[in-house]
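Everything below concerns the one structure shown next.
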Amino acid sequence: MKRKRYSTEQIVAALKQAELGLPVADLIRQLGISEQTFYRWKKQYAGLESDQVRELKQVVEENTRLKKLVAELSLDKAVLQDVFVKKIPRPSLMKEVVDYVVASHGYSQRRACFLTRQHRSTQRKPSRRDPRTEVRQRMHEIVATHIRYGYRRVHILLKREGWHLGRNVVYRLYREEGLALRAKRPRRRKMAAHRQTRCQPSRVNEVWSMDFVHDQLSDGRKIRMLTMIDVYTREALAIEVGERLRGGDVALVLNRLVYLRGAPTALFVDNGAEFTGQIVDLWAYHHKVRMDFSRPGTPTDNAHIESFNGSLRDECLNVNWFASVADAKARIEAWRREYNESRPHMALDGLSPAEFARKTGPCEEGTRLMAVGN
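Sequential numbering of the sequence shown, starting at 0, is according to numbering that gives the first Met the number 0.
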């Protein structure tokens with residue numbers, strides 16, 4: 000016998016017949032139900048009228064609808080938290096957000112547009128913007144060669160090659176291609192008192208600054224680098240590489256530079272043993288060079304060489320794997336020449352020849368001026 004399902008109204012009507020005097024045995028035989036089912040109905044629906052049954056049914060349906068709505072709203076909230084990490088500035092980028100919602104969360108395009116407040120006509124309109132494929136490819140080639148270059152230096156190199164692009168356009172393409180590298184800089188404590196201003200050089204070859212940088216070869220051996228720059232022009236004068244560099248090696252490098260350029264007026268150095276030893280002290284006395292030492296624990300007193308060392312480590316040491324000391328010397332010297340001759344420097348880019356000469360001052364024949372800033 001096929002089982003029949005009764006609505007709530009039919010159940011209430013059957014219970015009314017039993018209340019009016021119809022025997023229970025005849026009623027369950029007419030309905031085709033068991034006695035247990037009848038008493039279960041009576042326990043659940045006894046005393047209800049037809050109007051009350053309809054109201055109860057409406058309440059149940061409304062509760063079901065509200066539960067579904069709450070579930071949808073919770074899902075929409077989760078989707079919004081997934082896609083809206085920050086404000087989307089342009090409708091063209093919002094297209095990618097809508098496509099992501101459709102692909103990842105199974106939404107229809109209509110619902111995804113409603114959720115993200117994107118107009119459907121804007122979503123469906125094809126983009127007519129030039130994709131600038133060649134520029135993007137060239138930017139990838141530049142960044143592959145110079146891993147730590149930001150968009151400003153990439154923009155300068157593109158201008159040198161003849162690309163007529165604004166800096167904002169280069170920044171947008173740089174970000175869209177995912178070429179940006181974020182380097183977290185440590186927060187430095189503010190000094191309690193301002194130190195006295197050190198003498199500022201006013202011409203080329205007046206003040207030099209030097210320091211040591213440490214690294215290691217591929218086999219784990221330690222190497223040291225003596226870096227030296229001209230404080231006025233920021234030119235990298237020399238980078239001496241060796242496994243062990245002492246005060247005598249510092250004096251040899253200084254003698255070589257003095258032979259090529261002449262002696263400076265002052266040397267900015269820290270309090271390392273190589274700079275405070277007798278050999279360098281005798282060299283400074285012989286050439287009448289004033290040794291200007293940094294205060295202990297204050298590397299900002301020699302900020303120019305610290306900035307140069309940061310560029311050296313960021314653009315050369317961290318992106319190369321040295322097999323030997325000779326290999327390290329060759330690669331570091333190549334980077335020094337590139338730093339001096341072709342690396343974009345923000346402070347001098349775009350200057351007229353007169354402004355360039357005024358900033359840098361006269362240079363010796365064969366000496367290429369480098370940048371005023373790292």
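From the three backbone atoms N, C-alpha and C, an ideal C-beta is built for every residue, glycine too.
Every value quoted in this text rests on a predicted model; they were computed, and no experiment measured them.
Local conformation of Val96 per DSSP, three classes
helix
To which residues of the same chain is Asn308 closer than 7 Å at the C-beta, ignoring the five residues directly before and after it?
Asp210, Val212, Thr226
Skipping 5 residues on each side, what residues in its chain have a beta carbon closer than 8 Å to that of Arg289?
Thr264, Ala265, Leu266, Ala283
Go ahead and label Lys253 buried or exposed: buried means 16 or more other beta carbons lie within 10 angstroms of its beta carbon, across all protein chains shown.
It should be pointed out that residue 253 corresponds to Leu in this sequence rather than to Lys. By the neighbour-count rule (16 or more Cβ atoms within 10 Å), Leu253 is buried.
State yes or no: is the C-beta of Tyr5 within less than 9 Å of the C-beta of Ala13?
yes
For Trp40, three-class secondary structure by DSSP:
helix
Candidates Pro295, Asp291, Gly247: which alpha carbon is nearest Val230's?
Asp291
Taking Leu251 and Trp207 to be in contact with their CB atoms under 8 Å, please state how far apart those CB atoms are, rounded to whole angstroms.
15 Å between Cβ atoms; not a contact.
Mark Thr121 as exposed unless 16 or more other C-beta atoms lie within 10 angstroms of its C-beta, in which case mark it buried.
exposed
Outcome for Glu8 when other beta-carbon atoms lying within 10 angstroms are tallied against a minimum of 16
exposed
Sort Ile238, Tyr148, Lys287, Val168 by Cα distance to Glu205 and report the nearest one.
Lys287
What three-state label does DSSP hand Phe321 in the structure shown?
coil
Can you name, in chain order, every residue of its own chain whose Cβ lies under 6 Å from the Cβ of Ile278, other than the five neighbours on each side?
Gly246, Gly247, Ala250
Need the endpoints of the beta strand (DSSP E) that Ile238 sits in, please.
235-241
So if DSSP puts Ala265 in a beta bridge, which residue, or which two residues, is it bridged to?
Val206, Arg289
Looking at C-beta atoms only, is the number of pairs between the region 171-182 and the region 141-153 that lie closer than 8 Å three or more?
yes
Look up Arg223 in the DSSP assignment and say whether it is helix, strand or coil.
strand
Check for me: the alpha helix (DSSP H) holding Leu178 runs from which residue to which?
Unbroken run through Leu178: none, as it is neither H nor E.
Can you have a look at Ser341 and say buried or exposed, based on whether 16 or more other CB atoms are within 10 angstroms of its CB?
exposed
Just verifying my parser: in three-state terms, what is the DSSP assignment at Asp280?
helix
Between which two residues does the alpha helix (DSSP H) containing Lys124 stretch?
Taken as a continuous stretch (DSSP letters only), Lys124 belongs to no alpha helix (DSSP H), as it is neither H nor E.
Would you mind sorting Gln117 into buried or exposed? The rule is 16 or more other CB atoms within 10 Å of its CB.
buried
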